[in-house]
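Accompanying notes for the structure given below.
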Amino acid sequence: MRLASGSSRPGNYANHVRNVLVDCYCTSRGGTVESCYSTRNQSAWADIANSEKRAFLYGACTEAGLDQAAPESGPSLISRVLQIDYTQEWRTWAFPKGKCNSIPETPDLNHINRYGGLNVVADRLAHINGDNDVWLDNCYHSKFAPSPRESTDLRPEYWISGGGHHWDSYGIRNIAAEPQFMHRRIVRD
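Quick note, the working numbering runs 74 ahead of the 1-based positions in the sequence shown.
The structure is reproduced here in structure tokens:
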């Protein structure tokens, strides 16, 4: 990214959000920032037709956590509105307390961590991560995990330089459009 004299990357990003994402895609079409980008749509969260996304959300609400929150002080690229209580609100909208089920006040991280946390291994379980995965530090190749890691035929692990979240599971439907560095790495290893 080329920076104008005296500018900063966060400042450029903020200008991009304000001038392109808000003005071009939202307010110029009659919307408000709240209507275009808010997560505070109770009826959308309660929609039970959310397929695999709803299953992921349920796991995040009950076991995995994976909350993203702004720091309480200091510089931040995300709004300080994003705190645990904010994400808990849409969890209760998505899964209201019922006769047979309720969402805990906080996810039970011990349920997932009992399988080994960042050390989870099993025969024929492949660990595939990329350095552009927003969830990287919750994954096997986290900077908080022990290293070095060793890949074997029985317990393979792949690091995709430039790889993003879900590249290993969603894939790219148009194989011809698949980045060649990714194709070479996955196919040859």
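Virtual Cβ for every residue (Gly too), placed ideally from N, Cα, C.
- Non-local beta-carbon contacts of Leu183 in its own chain, meaning distances under 8 Å to residues more than five positions away in sequence, involve Glu137, Ala138 and Gly139 in chain order.
- Glu146 has no beta-bridge partner at all, per DSSP.
- Beta-bridge partners of His201 (DSSP): Glu231.
- The three-state secondary structure of Asp182, taken from DSSP, is coil.
- Assignment of His215 by DSSP, reduced to helix, strand and coil, places it in the coil class.
- Excluding the 5 residues flanking it on each side, Gly238 has same chain C-beta neighbours closer than 7 Å at Gly204, Asn206 and Asp207, in chain order.
- Beyond the five residues adjoining it in sequence on each side, Val195 comes within less than 6 Å, by CB distance, of Arg229 in the same chain, given in chain order.
- In the structure shown, Thr226 adopts coil according to DSSP, grouped into three states.
- When the beta-carbon positions are compared, Ala143 and Leu131 stay at least 9 Å from each other.
- Annotation: the continuous alpha helix (DSSP H) that includes Trp119 extends over Gln116 to Ala120.
- The DSSP-derived three-state label of Trp167 is helix.
- Residue state for Val91 is assigned as helix, using DSSP reduced to three classes.
- In this structure, the straight-line span from the alpha carbon of Ala120 to that of Cys110 is close to 18 Å.
- Taking C-beta separations shorter than 8 Å and ignoring five residues to either side along the sequence, the partners of Glu146 in its chain run Arg154, following chain order.
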